[in-house]
Each structure stands twice: as structure tokens, then as C-alpha cells.
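Here is the structure we will look at, set down as C-alpha cells.
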Amino acid sequence: MAELLRKPEELNKVLQEIIEKIGTERPVKESDIDKLPYLQAVVKETLRLHPAAALLLPHKAQNDIEVLGYTVPKDSQVFVNAWVIGRDPKSWVRPLEFLPERFIESSVDYKGRDFEYIAFGAGRRICPGMPLAIRMVNLMLASIIQPFSWKLPKGMAPEN
Numbered sequence: 043m044a045e046l047l048r049k050p051e052e053l054n055k056v057l058q059e060i061i062e063k064i065g066t067e068r069p070v071k072e073s074d075i076d077k078l079p080y081l082q083a084v085v086k087e088t089l090r091l092h093p094a095a096a097l098l099l100p101h102k103a104q105n106d107i108e109v110l111g112y113t114v115p116k117d118s119q120v121f122v123n124a125w126v127i128g129r130d131p132k133s134w135v136r137p138l139e140f141l142p143e144r145f146i147e148s149s150v151d152y153k154g155r156d157f158e159y160i161a162f163g164a165g166r167r168i169c170p171g172m173p174l175a176i177r178m179v180n181l182m183l184a185s186i187i188q189p190f191s192w193k194l195p196k197g198m199a200p201e202n
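One gets our numbering by counting positions in the sequence shown from 1 and adding 42 to each.
Okay, structure coming up:
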């Protein structure tokens with residue numbers, strides 16, 4: 043919500059999508075989420091910028107190995123920094139900006155196959171709660187956007 047409140051035009055796009063596809067006569071249901079691609083893009087973009095666990099996937103080096111010119115000694119504990127990966131300018135255009143549109147036509151997803159986006163980890167150690175988390179975050183976000191008129195307090199600017 044903080045990202046959407048900083049960009050009211052994005053918040054309005056989500057609200058309009060919900061009104062057009064679901065309406066306001068009934069609450070959003072879990073089965074409605076597939077009809078809301080922009081809402082899903084907002085969640086993906088939020089998780090790119092704000093991963094739930096910034097340091098993911100602890101590993102122990104099985105052998106001495108060189109990575110990008112650095113030697114990682116055998117038995118060293120190594121962590122993957124999802125926060126930095128989600129802001130890497132080699133992978134993302136305007137990486138520090140909240141741009142949900144980047145996920146509208148993109149095949150990049152949080153399911154652990156796209157290593158530039160590992161909000162829930164990857165491979166055998168991917169978060170087992172990911173499917174439930176994604177369903178619930180999308181549903182909860184839609185459920186609080188649909189019935190309320192969200193805006194910043196009087197006098198507060200989005201950059202603050």
C-alpha cells in the first residue's frame with residue numbers, strides 16, 4: 043500500500059481494474075484474482091522491491107570455488123541477497139522505481155526459475171508457502187483496495 047500511495051495513478055489503475063472486472067456489489071473472491079493481471083503485476087513489483095526475506099537460500103560451499111574473482115573457501119556459509127538482485131540494473135530497467143507494468147507482458151515470475159527475481163527463493167529450497175502467500179497477498183490487497191478510498195493525509199506529498 044505504501045508504494046501505491048506514493049503513486050496514486052497506479053492505485054487508481056488497480057481500483058479501475060477491480061471495478062471493471064469484479065464490480066463493487068460483492069467482495070473480491072480468490073477465484074477472481076486471475077481476472078486481475080494489473081493487481082498481480084503490482085504484487086510482483088512489490089515483491090521485487092521488497093522481498094519478504096532479503097537474505098535467502100543459505101548454502102555451505104562444498105569446495106573452494108572462485109566466484110567473480112573472489113575465492114569462497116570450502117565450508118563457508120553463503121547467502122543470496124534477493125534485495126540486491128531485485129534492484130540490479132543489469133536485469134531491470136529503472137530498477138529503483140515502482141513500475142508494475144514491467145510484469146504485464148513479462149514471463150518473469152516468482153516461481154524460482156528466473157534468477158533475476160527470487161522473492162521466494164529457487165530450486166529445492168524455494169519457500170513451500172509461496173503458493174498460499176501469493177494467493178493471500180493478491181486477495182488481501184484487492185480486498186482492501188476495492189471498498190475504500192485511499193489517499194495520503196492532507197499536506198503529505200508522495201515522496202514523503
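The beta-carbon is built from N, C-alpha and C at its ideal position, and this holds for glycine as well.
As the structure is a computational prediction, the values presented were derived from the model and not from experiment.
Less than 7 Å divides the Cβ of Leu81 from the Cβ of Ala184.
In the same chain as Pro69, and ignoring 5 residues on each side of it, the C-beta atoms closer than 8 Å to its own belong to Ser185, Gln188 and Pro189, in chain order. If you ignore the 5 residues before and after Ala95, its C-beta comes within less than 6 Å of no other C-beta in its own chain. In this structure, Glu45 places its C-beta atom within 7 Å of the C-beta atom of Phe140. Between Pro142 and Glu87 a beta carbon distance of about 4 Å is seen, short of the 8 Å cut, so the two are scored as contacting. Within the region 160-195, the complete alpha helix (DSSP H) segments of 4 residues or longer fall at 172-187, listed in chain order. Within the region 119-147, the complete alpha helix (DSSP H) segments at least 4 residues long are 124-127, listed from N- to C-terminus. Contact check for Ala103 against Val114 passes: the beta carbons are separated by less than 7 Å. When the Cα atoms are used, Val120 and Ile61 turn out to be separated by approximately 46 Å. For Phe157, the CB contacts under 8 Å within the same chain, skipping 5 residues up- and downstream, are Ile127 and Ala164 in chain order. Cβ atoms of Lys77 and Lys63 come within 8 Å of each other, at about 4 Å. Counting along the chain, no alpha helix (DSSP H) covers Glu67, and no H or E run does either.
Checking the DSSP bridge columns, you'll see His101 partnered with Val120. DSSP places Ile61 in the uninterrupted alpha helix (DSSP H) bounded by Pro50 to Lys63.
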